[in-house]
Ligand code: SF4
């Protein structure tokens with residue numbers, strides 16, 4: 011063990027943040043928490059984690075659940091492929107490993123949705139394998155410790171070499187969690203708390219007083235903006251909802267039919283075109299409901315919504331994976347994207363076309 015790793019482990023021992031999955035020997039729970047924590051803050055994850063564990067406490071429970079159940083438990087966390095893949099991976103474990111999470115990193119990494127990060131996190135924390143975890147926080151602290159001259163993702167090899175040198179094989183899980191906690195809570199993105207840092211004596215940027223230069227930033231990409239229109243399509247007292255295809259953005263979630271507005275097209279025209287293309291039905295567009303502004307990670311949308319009346323055709327899954335007519339009060343039992351949620355409170359119990 012190096013002096014650097016001893017400093018990280020001592021700090022982690024005294025300062026580690028309490029989380030419901032910590033000090034749990036259960037690899038399934040550690041794995042679930044790490045999947046949820048990718049791209050998401052701890053405080054956001056905790057209630058989702060607790061609800062999931064209460065509903066699906068074991069690999070077998072998740073393996074036997076439906077996709078709709080796991081997406082509902084995940085609703086609002088984003089990056090829904092994580093939930094779908096976690097369920098599929100649990101099914102693989104039930105079929106091939108008797109329901110026991112593999113302790114072999116090579117076998118574990120073959121599970122659906124499992125990459126380098128999850129393998130290193132789960133295998134080090136649950137099984138003691140000395141595999142360094144590299145997330146955005148660890149990249150930031152390492153780029154400061156080593157004064158890396160380019161954006162951190164251009165230095166993956168140096169970062170991995172540095173961590174491999176220090177992780178040791180006695181407490182690799184604690185070392186990884188210590189690095190992640192220290193980076194998040196002390197080596198903060200904007201104002202690092204260097205006077206509280208247990209490894210400041212090893213920090214190149216601190217010793218050179220050049221912390222403000224690291225991590226070197228990438229050029230920012232402009233986030234595209236799309237205009238979208240959707241219809242709340244009524245047939246008597248029922249509303250038509252369609253399910254997004256599994257392999258795309260927000261895959262597997264239910265939504266109000268519609269899509270991107272094309273050049274020169276009005277919102278009502280867009281809804282009529284999209285419902286014909288995606289579901290094979292004709293609708294008439296009625297009252298405007300509201301416009302929603304919503305920002306996703308890689309793009310933002312303005313979404314116009316309208317009440318629509320079903321006219322003709324038998325719905326078919328052309329541009330979606332499924333569809334169904336539901337009652338107003340069934341909306342809350344399905345998983346919808348956040349932008350769709352924002353019009354729920356404007357949808358009446360009975361069809362506006364029945365008056
Ligand atoms: S000394 Fe400051 S910049 Fe360097 S690792 Fe510690 S907190 Fe980060």
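In this note's numbering, the protein residues as written are 11 to 365. Where a beta carbon is used, it is the ideal one built from N, C-alpha and C, also for glycine.
CB-CB length for residue i against residue j, believed under 8 Å
i	j	result
residue 201	residue 155	In fact, because the Cβ distance is near 17 Å, the residues do not count as touching under 8 Å.
residue 18	residue 135	Between residue 135 and residue 18 the Cβ distance is about 15 Å, and since that is not below 8 Å, they are no contact.
residue 392	residue 350	Missing from the structure shown is residue 392; the chain here goes from 11 to 365 and no further.
residue 59	residue 76	Rounded, the Cβ-Cβ distance is 20 Å, inconsistent with contact.
residue 55	residue 47	6 Å
residue 225	residue 153	4 Å
residue 186	residue 99	Contact flag wrong, Cβ pair sits at about 21 Å.
residue 436	residue 139	The displayed coordinates of the chain run from 11 to 365. Any statement about residue 436 would go beyond what the structure contains.
residue 233	residue 271	That belief does not hold up - the Cβ atoms of residue 233 and residue 271 are roughly 18 Å apart, past 8 Å.
The ligand SF4 heavy atom lying under 7 Å from the CB of residue i
i	result
residue 185	no
Nearest neighbour of residue i, chosen from the options [CA to CA]
i	options	result
residue 316	305, 299, 279	299
residue 353	68, 90, 240, 53	240
residue 305	48, 63, 36, 88	88
residue 328	296, 322, 346, 252	252
residue 215	12, 294, 128, 159	159
residue 229	69, 170, 163, 238	163
residue 220	127, 289, 204, 13	204
residue 243	361, 345, 86	361
residue 312	138, 356, 302	302
residue 345	81, 96, 64	81
residue 343	51, 36, 78, 62	78
residue 169	69, 260, 144	144
residue 64	30, 86, 91, 52	30
residue 74	94, 86, 85	94
residue 16	318, 363, 179	179
residue 326	184, 91, 267, 318	267
residue 288	356, 261, 211, 331	331
residue 296	336, 102, 321, 335	321
residue 334	103, 249, 196, 33	249
residue 307	274, 348, 256, 279	348
residue 269	235, 281, 292, 260	281
residue 318	247, 84, 218	247
residue 96	104, 11, 72	72
residue 86	50, 109, 104	50
residue 218	157, 207, 231, 175	157
residue 57	259, 283, 211, 84	84
Burial state of residue i (16 or more Cβ within 10 Å)
i	result
residue 24	exposed
residue 10	There is no way to answer for residue 10, as the model of the chain reaches only from 11 to 365.
residue 254	buried
residue 118	buried
residue 309	exposed
residue 125	exposed
residue 177	buried
residue 121	buried
residue 151	buried
residue 181	buried
residue 142	buried
residue 358	exposed
residue 128	buried
residue 277	buried
residue 133	buried
residue 183	buried
residue 147	buried
residue 112	buried
residue 314	buried
residue 188	buried
residue 149	buried
residue 285	buried
residue 194	buried
residue 262	buried
residue 340	exposed
residue 92	buried
residue 191	buried
residue 175	exposed
CB contact check: residue i to chain D, cutoff 8 Å
i	result
residue 271	The structure shown contains no chain D, having only a single protein chain.
Beta-carbon distances below 7 Å to any heavy atom of the ligand SF4 define the shell here; list its residues in chain order, please. 151, 154, 155, 196, 197, 202, 203, 204, 207, 209, 210, 213, 215, 216, 221
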